[in-house]
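Here our numbering runs 361 ahead of the position in the sequence shown, where the first position is 1.
Virtual Cβ for every residue (Gly too), placed ideally from N, Cα, C.
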Amino acid sequence: AGGLAFVLLMWAKSYPAVLITTGLFVLITAFFRPAVHSLTSKRATVGQGAAMGLSNSFVSLGRVVGPLAAGAIYDVNTGYPYLAGAVILLAVFLVSLFSARLSLPPSKRADPSAQVPPG
362 AGGLAFVLLM WAKSYPAVLI TTGLFVLITA FFRPAVHSLT SKRATVGQGA
412 AMGLSNSFVS LGRVVGPLAA GAIYDVNTGY PYLAGAVILL AVFLVSLFSA
462 RLSLPPSKRA DPSAQVPPG
């Protein structure tokens with residue numbers, strides 16, 4: 362959903378459209394960050410403080426490197442930073458989706474060959 366907000370931001374041509382799409386992205390991020398902190402804390406059975414520190418360090422690194430990279434990409438084309446952000450968000454979403462599924466024990470994974478009863 363964050364990637365969709367980035368793509369919509371790329372097409373926003375008026376100030377109200379920019380406010381709405383930015384607000385959508387902020388809202389999505391506001392719901393996402395606490396879930397990430399909770400998952401990080403839950404997954405790190407030992408060294409929760411270190412895990413949370415690493416998580417916050419990478420978030421901070423992204424806040425430093427992201428605008429620098431986006432500025433360089435903006436010089437090439439004004440829409441490319443938004444497209445790059447959307448692609449990165451989609452890639453991270455897919456990686457997290459598949460890694461979460463693989464981390465489940467085999468007994469809890471969905472069997473794609475299982476028949477769903479009608480009804």
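Beta-carbon to beta-carbon, S402 and Q409 are separated by about 5 Å, close enough to satisfy the 8 Å threshold. Rounded to the nearest whole angstrom, the C-alpha separation of F454 and G446 is 12 Å. A straight line joining the alpha-carbon of A412 with that of A405 spans about 6 Å. Under the three-state reduction of DSSP output, N417 falls in the helix class. Collapsing the DSSP output to three states places A431 in a helix.
Residue range 376-404 is occupied by the alpha helix (DSSP H) that includes G384.
Within the model, the alpha-carbon separation for L458 versus L415 is close to 21 Å.
Nearest Cα to G384 within the set V437, F367, A431: F367. In the three-state scheme derived from DSSP, where H, G and I count as helix and E and B as strand, G408 is classed as coil. In the three-state reduction of the DSSP assignment, A373 falls in the coil class.
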